[in-house]
Each structure stands twice: as structure tokens, then as C-alpha cells.
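Chemist:
Residue numbers (the numbering used here): 40 to 170.
Printed below as a string of C-alpha cells:
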């Protein structure tokens, strides 16, 4: 039987495993960074929840105070106050919908008129007729 030749490149296998270990190590470092980012995001979320709870409590207290002032001090009837609150709620919903549409279409808020350039005078200016 003829002798078989063996491959002399034994280093290529060791070189490949070193590259694989480096890739695995870089993946572990990236995973550790992601874990840190997730924990930071969770902490910020918890702080935001606490702040939202505090704001809800303050809003509830202010609403009660305003209701008490309107009924007891200003002499408003409960029905009139309810109608006023409903009207304000409808206006707030309408305004929020308008702001949402403006943000979708990236328009400036409200009906802002463009002002003419500083040097240009409008035609038919009444001050020209007075002086």
C-alpha cells in the first residue's frame, strides 16, 4: 500500500479557533453592553412611572380644588360646571387631534401667518393715508 501524505498545515486549525474565540468574546462584550443598556432603560422607565403617578395625584388634587372653588366660592351650579368641563374636554381632544395631524404633516402649530419682510410696506396701509 502506498503511503498517504499528511497535511503539513497544522497551524491553520489553531488560527481558525483563535478567530472564533475572538468573535465569541466580542459577542459577549456586546451582549454585556446591551444588558447594561436594558437595565438603564428599565430604571428610567420606573422613574417615569413614579413621576407619572405623582403627576396624576397632583392633577386629582387640583381638579378637586377647582371644583370646590367653582361650586362653593363662585356659586356655580353642578350642571353648569359639568357642561363647562365637557366643553373643555371636547376642545382639548380637538386641539390634540389638530396637533397630531400637524406633527404628521410637519406643519407649524396653529394658523400662523407669514409676516412680510421688514423693509416691505403692505399695499393700502392706512397709516400712509393719515400722514
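The beta-carbon is built from N, C-alpha and C at its ideal position, and this holds for glycine as well.
All of these numbers come straight from a predicted model, not from anything done at the bench.
(1) Within the stretch 42-128, note down every full alpha helix (DSSP H) run reaching 4 residues or more, in order along the chain.
(2) I'd like to check one pair, residue 109 with residue 94: are the Cβ atoms closer than 7 Å?
(3) CA-CA distance, residue 118 and residue 128?
(4) To the nearest angstrom, how far is it from the Cα of residue 101 to the Cα of residue 112?
(5) Compute the Euclidean distance between the alpha carbons of residue 140 and residue 133, then round it to the nearest angstrom.
Modeler: According to the structure shown:
(1) Correct list: 50-107.
(2) No, the pair does not count as a contact, with Cβ atoms beyond the cut-off.
(3) Taking the Cα positions, residue 118 is about 15 Å away from residue 128.
(4) Rounded to whole angstroms, residue 101 to residue 112 spans 15 Å at the Cα level.
(5) So the two alpha carbons sit approximately 11 Å from each other.
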